[in-house]
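Below is one structure, written out as structure tokens; the observations come after it.
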Amino acid sequence: MLSTQKPLTSAGKPAATAADPDAWTLDSHWPALVAGLAGQVTEGVSLLQHHLDQLLGKERLSSLEHRLLTVLVERIKLAGVSAQQIQRFYGGRIRQSHEKVDMADLVESVLQERKGEMGAVGIVLRRKLKPVDVLIDPTVAHTLVNAVLDWSVPFGNRVDVRLDLNHWPPHARLQVRASSDGLPPSSAASPDNLSWMLMRQIAHTAGGIELTREITEEGASLTLMFTRTVQAVDGISAVDLSDEHSTTFRSLQGVYVLTISPSLQIRAAVRDALREIGIASDSVVNLQQAREAIRARMPNLVVIDAELKGDDFEVFHRDVLREVFELPFVEISPDDSSFDMSGFGEYSMAKVGRGNIREALGTAVMFELAKMM
Numbered sequence: 055m056l057s058t059q060k061p062l063t064s065a066g067k068p069a070a071t072a073a074d075p076d077a078w079t080l081d082s083h084w085p086a087l088v089a090g091l092a093g094q095v096t097e098g099v100s101l102l103q104h105h106l107d108q109l110l111g112k113e114r115l116s117s118l119e120h121r122l123l124t125v126l127v128e129r130i131k132l133a134g135v136s137a138q139q140i141q142r143f144y145g146g147r148i149r150q151s152h153e154k155v156d157m158a159d160l161v162e163s164v165l166q167e168r169k170g171e172m173g174a175v176g177i178v179l180r181r182k183l184k185p186v187d188v189l190i191d192p193t194v195a196h197t198l199v200n201a202v203l204d205w206s207v208p209f210g211n212r213v214d215v216r217l218d219l220n221h222w223p224p225h226a227r228l229q230v231r232a233s234s235d236g237l238p239p240s241s242a243a244s245p246d247n248l249s250w251m252l253m254r255q256i257a258h259t260a261g262g263i264e265l266t267r268e269i270t271e272e273g274a275s276l277t278l279m280f281t282r283t284v285q286a287v288d289g290i291s292a293v294d295l296s297d298e299h300s301t302t303f304r305s306l307q308g309v310y311v312l313t314i315s316p317s318l319q320i321r322a323a324v325r326d327a328l329r330e331i332g333i334a335s336d337s338v339v340n341l342q343q344a345r346e347a348i349r350a351r352m353p354n355l356v357v358i359d360a361e362l363k364g365d366d367f368e369v370f371h372r373d374v375l376r377e378v379f380e381l382p383f384v385e386i387s388p389d390d391s392s393f394d395m396s397g398f399g400e401y402s403m404a405k406v407g408r409g410n411i412r413e414a415l416g417t418a419v420m421f422e423l424a425k426m427m
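Mapped onto the numbering used here, the consecutive letters of the sequence shown carry residue numbers 55 to 427.
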């Protein structure tokens, strides 16, 4: 009987020749390998999830145990699904229909979908989203935003998500920052994980998306620039600060401001100035009362007496910003005539003089609120 054994290379592998169409090489077969591996992973975790559900039904697992195990199962499933998606994008099996998508709505919907899962493992999500329209396939965009979150989470238990318009070029900009209050990221965090590969493949396939990232000891940040931006709303330019009867002022009836000052005179002056532009407010005399008030109701803006600024205020300020990304503050300065707008940093603060509250506070508050639109 004739032998059909192929000659071996020095490494002990079958030698491939141009005349041998059945020769096997990893370079040509890796897509099938990835697809097979991903299929086995997703099939296995689906079966595992089924058994967990049965154990819960038989009261062999508590609800908390079931939830935590389900989160772990979902993480394993994510690896399989990500591998499948990378292979599909690479193989051109994703049909795209570029549409005008409100990225703020899409990002918010993804955050809401992932809120329960993130909370179960102690992840705190914050967001600051401005409405920006982008030409992109909605399904692809949904997959991309999920991949962004999945990439960021291993780097910290606090994830800040910002969507706005880059000043120049005027492209939609999605920024995600993960940190752990100064603690180093998990040893399992890898910048080149499957989620990163998926983002790179989506950007390559969809086009019009630029990715940059930065890894530090405190965590990681990721920026996506969408060059196919078709429309954006700039809250600051849309506000007419000189017209106290504008529709912008009338739309502020739902805004709530908290004033912190030991001075009754300042608290009354701030209340009257805010009332003139249709803004409701409460006031407290110290930072401890302010913490209690914020636990009951989070304000849209805080007015702080400069007399209370110090180490305790710095701690209070950081704690509040952990809950609401870039919540605006306006300082009441001891300089009667001072009036300074804030910059655009996270800890920047506007200033209004004690003797200038009636004339300038409304304008300062409007400017700070406009930055949050």
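Note that CB positions come from ideal geometry on N, CA and C, so glycine has one too.
*Which stretch, first to last residue, makes up the alpha helix (DSSP H) that contains residue 249?*
248-260
*Thinking C-alpha only, which one of 272, 376, 330 and 313 is nearest residue 385?*
313
*Is it the case that the Cβ atoms of residue 347 and residue 357 are separated by a distance below 8 Å?*
no
_Nonlocal neighbours in the same chain, by C-beta distance under 6 Å from residue 264, ignoring five residues either side_ = 279
*Could you tell me the boundaries of the alpha helix (DSSP H) in which residue 367 lies?*
365-377
*Can you check whether the CB of residue 418 is closer than 8 Å to the CB of residue 404?*
Cβ atoms of residue 404 and residue 418: closer than 8 Å.
_Alpha-carbon spacing of residue 413 relative to residue 327, whole angstroms_ = 8 Å
*Buried or exposed for residue 55, please, with buried defined as at least 16 other CB atoms from any protein chain shown within 10 angstroms of its CB.*
Confidence in residue 55 is poor, its pLDDT being 39 and thus under 50, which makes the residue's placement unreliable; the coordinate value appears in the next sentence. Residue 55 comes out exposed.
*Hey, could you find the ends of the beta strand (DSSP E) residue 218 is sitting in?*
212-219
*Beta-carbon proximity list for residue 321, same chain, < 6 Å, skipping 5 on both sides*: 313, 315 and 337
*Expected contact under 8 Å - CB spacing of residue 205 and residue 253 to nearest Å*: 7 Å
*residue 358 by DSSP, collapsed to three states: which one?*
strand
*Secondary structure at residue 270, three-state DSSP: helix, strand or coil?*
strand
*Quick one: using the 10 Å Cβ neighbour count with 16 as the cut-off for buried, is residue 292 buried or exposed?*
Confidence in residue 292 is poor, its pLDDT being 32 and thus under 50, which makes the residue's placement too unreliable to answer from.
*Spatially closest choice to residue 270 from 243, 259 and 189, by CA coordinates*: 243
_Straight-line Cα distance separating residue 365 from residue 245_ = 36 Å
*Does the Cβ of residue 194 have 16 or more other Cβ atoms within 10 Å, making it buried, or fewer, making it exposed?*
buried
*Which residues share a DSSP beta bridge with residue 166?*
Partner(s): none; residue 166 has no beta bridge.
*So, are the CB atoms of residue 202 and residue 157 less than 8 Å apart?*
no
*What are the boundary residues of the beta strand (DSSP E) that includes residue 206?*
That residue, residue 206, is in no beta strand (DSSP E); its alpha helix (DSSP H) goes 192-206.
*What separation, rounded to the nearest whole angstrom, lies between the Cα atoms of residue 251 and residue 262?*
17 Å
*Pairwise C-alpha distance: residue 382 and residue 300*: With a pLDDT of 42 at residue 300, under the threshold of 50, the modelled position of this residue cannot be trusted, and the question is left open.
_Close beta carbons around residue 233, own chain, < 7 Å, minus the five adjacent residues each side_ = So the list reads 210, 212, 272 and 273, once near-sequence residues are dropped.
*Since residue 163 and residue 230 are thought to touch, with beta carbons under 8 Å apart, how far apart are those beta carbons, to the nearest angstrom?*
Going by Cβ atoms, the distance from residue 163 to residue 230 rounds to 16 Å, so no, they are not a contact pair.
*Identity of the residues DSSP links to residue 229 by a beta bridge*: As DSSP reads the structure, residue 229 sits in a beta bridge with 216 and 277.
_Please state whether the Cβ-Cβ distance between residue 409 and residue 331 is less than 8 Å._
no
*Would DSSP call residue 407 helix, strand or coil?*
strand
*Please go through the same chain and pick out, in chain order, the residues whose beta-carbon is closer than 7 Å to the beta-carbon of residue 112, but skip the five residues on each side of it.*
Result list for residue 112: empty, nothing under 7 Å.
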